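Notes to accompany the following structure.
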Amino acid sequence: MSNREKDATSSLNRSWAIPHELEQEAEELFADATAPSPEAQAELTCAGRELAQDPAFQAELAQAFFVEDLLRAQERAGVSLAQLAAKVGVSRQYMSRIVNEDRATNFTIESMAKISAALGCTLAVRMLLPGESLHLKATWEYEQEGTMPIPVLVPQQAAKAIVNPGAAFTDNK
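The C-terminal position of the sequence shown is numbered 178 in our numbering, with every residue numbered one higher than the one before it.
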């Protein structure tokens with residue numbers, strides 16, 4: 006290996022490494038950190054459950070997931086925002102407001118379906134009953150052939166089996 010190649014390899018390896026100073030700074034920052042007390046943990050858990058039940062939070066989260074999916078599908082399709090807007094039949098400015106998650110932009114399920122179709126995707130909107138979970142069954146073809154994950158509605162116990170086969174039915178939680 007020539008000196009030039011060694012320098013390039015060394016430079017590449019350094020770009021992925023955490024600088025020693027940053028590592029030291031992180032250690033110092035978290036040196037005095039303690040785990041939250043059981044009471045604080047219970048409060049955080051309760052607050053999280055309450056937030057998850059808030060319709061405004063659910064709407065904002067669903068919108069954020071849609072925008073994330075839109076950007077991923079847009080990149081996969083290789084289309085610009087202007088091209089996508091033209092396919093959907095809306096202005097580029099409107100599409101920009103959607104992508105930038107402008108709170109004043111309240112788009113409909115119909116708009117979401119049009120955007121999804123323009124990107125070659127299918128929109129899936131589900132309401133889950135208590136005890137149900139929605140998991141995306143990713144297929145190997147997703148990366149290889151561009152097929153989309155399949156939404157699967159399953160009870161919580163079965164969801165545990167999907168995530169960690171063999172462990173779902175061994176504990177009584």
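C-beta atoms are modelled at their ideal positions from N, C-alpha and C, and glycine is treated no differently. On a predicted model such as this, the values are computed, not experimentally measured, just so you know.
- For residue 50, the uninterrupted alpha helix (DSSP H) segment begins and ends at 43-58.
- Under a 10 Å Cβ-count criterion, residue 70 is classified as exposed, with fewer than 16 other Cβ atoms of the shown protein chains found around its own Cβ.
- Of all C-beta pairs linking the segment 132-139 to the segment 85-104, fewer than three are shorter than 8 Å, placing the two stretches out of contact.
- Counting only the Cα atoms, residue 31 lies some 37 Å from residue 101.
- Boundaries of the alpha helix (DSSP H) harbouring residue 100: 97-104, taken from the DSSP string.
- Taking 7 Å as the cut-off, the Cβ atoms of residue 110 and residue 103 count as close.
- Linking residue 82 to residue 51 through their CA atoms gives a straight-line distance of about 41 Å.
- Here residue 78 is near residue 124, since their CB atoms are less than 7 Å apart.
- The three-state reading of DSSP puts residue 81 in helix, counting H, G and I together.
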